[in-house]
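In UniProt numbering, the protein residues as written are 1 to 383.
For each residue, glycine too, the CB sits at the ideal point set by N, CA and C.
Reading through the structure tokens given below for one structure.
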Amino acid sequence: MRGSLSAILSAMTLLPTGALSQSGNSRSPAILPLKARVRQPEGYQRRKRQTPNISEPLSNWYSGTDLQASLGHLRAAFEANRCTVVFDTGSSDVVIPSTQCDANPGCTGLQHRFAPEKSETFTSLNGSFRISYSTGTGVVASGNVEIEGVISRDVISVAGLQVQDFQFGLITNQSAALGVDPFDGIVGMGFPSGLTTDPHTFLGGVNGSGQIPEAVYGLYLTPQSRDQLHPGVSSDRAIQRTFEKVYVDNTITNVSSNYAIYDSGTANIVAPKNDAEEIYAMISPDIKPVDSVGTYGIPCSKLKDIKSSISFTIGGRNYTIPSQELSVGPISDQPEICQTLINSSGDEAKSLWVIGGSLLKYYYTVWDIENVRFGLAQTLHSP
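See below:
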């Protein structure tokens with residue numbers, strides 16, 4: 001995959017954010033400016049600094065054919081406190097489990113826990129936190145999970161980038177559903193406005209200490225191999241942006257909502273109920289609801305007949321989910337039924353889409369936290 005990545009980087013010329021543009025090469029990313037703005041003080045002049053060559057190889061976590069999440073590593077205080085983490089564009093906090101969580105059912109499956117008593121630089125602050133996450137992993141749609149703990153400070157390191165005295169959440173209790181996941185903690189890569197435990201994100205801390213020139217990173221989610229996180233490539237908690245259209249094959253749909261969160265921590269796609277059913281009706285009459293929480297499925301024996309792709313028009317360009325992504329695997333208690341990739345939010349009052357790995361893993365994405373925008377570029381895996 002390194003050869004593929006080199007080709008993408010060459011095509012995109014990933015420099016400071018000013019280099020991102022919509023014109024010219026079809027492999028350059030479409031820039032999607034959001035409503036939020038960053039105002040610079042009068043007399044401000046941006047100085048270009050050389051972008052360091054930094055990357056963090058990620059491991060894919062699959063359930064059947066479905067990319068659930070991309071996992072990397074975080075080190076707290078010293079090498080022995082090394083945790084496996086999810087890099088999540090849909091949240092902003094850094095949270096890792098404590099040895100104090102051992103007695104909790106939600107922590108029984110965790111591989112690594114942070115032992116604060118072994119760190120000479122650890123500080124526990126006078127504050128607690130509780131965060132609710134919408135689960136984007138697993139085959140069947142499910143509800144929220146919660147974590148809680150104490151706000152703490154220590155040295156945090158990812159991909160060789162180190163932030164001294166960084167404020168993060170130390171988990172002492174969490175929902176049992178998290179105990180079976182193959183990761184220990186979460187590194188939120190979203191906007192600072194979504195923070196619960198600290199006024200600064202990890203990326204903001206790295207940028208503020210001068211280790212990267214801008215709060216920008218690239219994420220390369222490959223369909224069936226290792227991923228790459230590139231720090232500093234040159235709701236308010238996630239990247240939010242409207243899309244213009246949705247197509248099934250070459251036919252435009254009549255979806256009612258076009259506002260979406262782009263979330264690397266969500267495996268598939270979540271859509272308003274009417275929109276999900278509008279799309280499924282255009283693909284196959286055999287796709288039906290299988291439960292009351294928004295999961296849809298099709299008899300696995302009929303998958304071979306499904307050839308439809310789904311495309312989103314974002315920033316004037318089409319980005320496609322190929323037909324092989326339609327099924328994310330058999331449902332455990334109904335193995336003859338294969339779940340389809342779009343879950344419904346169930347409540348039509350929730351008109352927000354969540355677009356996750358089913359689309360993002362086919363494109364190289366650049367996330368500009370400072371200027372509240374992101375870009376997508378084609379890769380050798382793009383449809």
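1. Assuming contact is defined by CB atoms lying nearer than 8 Å, are F114 and S124 in contact in what I supplied?
2. Can you tell which of D165, G375, K307 has its C-alpha closest to the C-alpha of G316?
3. In chain order, what residues of the same chain lie with their CB nearer than 7 Å to the CB of R130, ignoring the 5 residues before and after it?
4. In angstroms, rounded to a whole number, what distance separates the CA positions of T201 and L195?
5. Report the CB separation of V94 from V216 in whole angstroms; it is logged as a contact under 8 Å.
6. Restricting to runs no shorter than 3 residues, where is the beta strand (DSSP E) found entirely within the segment 243 to 330?
7. Can you tell which of T313, R241, S311, I287 has its C-alpha closest to the C-alpha of S301?
8. Tell me whether the beta-carbon of L170 lies closer than 8 Å to the beta-carbon of I96.
9. Around the C-beta of T197, are 16 or more other C-beta atoms found within 10 angstroms, so that it is buried, or is it exposed?
10. Just to confirm before moving on: does the CB-CB distance between N343 and N268 stay below 8 Å?
11. Would you call the CB atoms of W353 and V270 closer than 8 Å?
12. Taking only the alpha-carbon atoms, compute the straight-line gap between residue 384 and K304 and give it to the nearest angstrom.
13. Cα separation between G90 and F312?
14. When you compare each of G190, L359, Q174, V163 to N318 by their alpha carbons, which one comes out closest?
15. Which residues bound the beta strand (DSSP E) around N173?
16. Taking DSSP as the reference, what is the three-state secondary structure of G208?
17. Taking just the CA atoms, how far does G294 sit from T340?
18. Between Y363 and E120, what straight-line distance do the alpha-carbon atoms span, to the nearest angstrom?
19. Rounded to a whole number of angstroms, what is the C-alpha to C-alpha distance between S323 and Y296?
20. Just verifying my parser: in three-state terms, what is the DSSP assignment at G356?
21. Are Q174 and G127 touching if we call contact CB-CB under 8 Å?
22. Considering Cα atoms alone, identify which of F122, V155, A177, V366 is closest to T108.
23. From the DSSP output, in three-state form, read off G90 for me.
24. Taking 7 Å as the limit between beta carbons, can you name the residues of its chain near L203, skipping five residues before and five after?
25. Just how far apart, CA to CA, sit V246 and P299?
26. In or out: A103 buried (at least 16 other Cβ within 10 Å) or exposed?
27. To the nearest whole angstrom, what separates the beta carbons of T266 and G356, a pair I think is in contact under 8 Å?
28. Our contact map puts D275 next to V255 with C-beta atoms below 8 Å; I'd like the distance itself, whole angstroms only.
29. Around the C-beta of G205, are 16 or more other C-beta atoms found within 10 angstroms, so that it is buried, or is it exposed?
30. Just confirm the distance between the C-beta atoms of W367 and L219, as a whole number of angstroms; I'd bet it's less than 8 Å.
31. Output the distance between the C-alpha atoms of Q378 and K361, rounded to the nearest integer angstrom.
Per the coordinate set shown:
1. no
2. G375
3. E146, E148
4. 7 Å
5. That pair is no contact at about 18 Å.
6. 245 to 248, 259 to 262, 269 to 271, 296 to 299, 310 to 314, 317 to 321
7. I287
8. yes
9. buried
10. yes
11. yes
12. The structure shown does not extend to residue 384, since the chain spans only 1 to 383, so no value can be given for it.
13. 19 Å
14. L359
15. 161 to 174
16. helix
17. 11 Å
18. 42 Å
19. 16 Å
20. coil
21. no
22. A177
23. coil
24. M189, A215, Y217, P231, I369
25. 25 Å
26. exposed
27. 3 Å
28. 4 Å
29. buried
30. 7 Å
31. 11 Å
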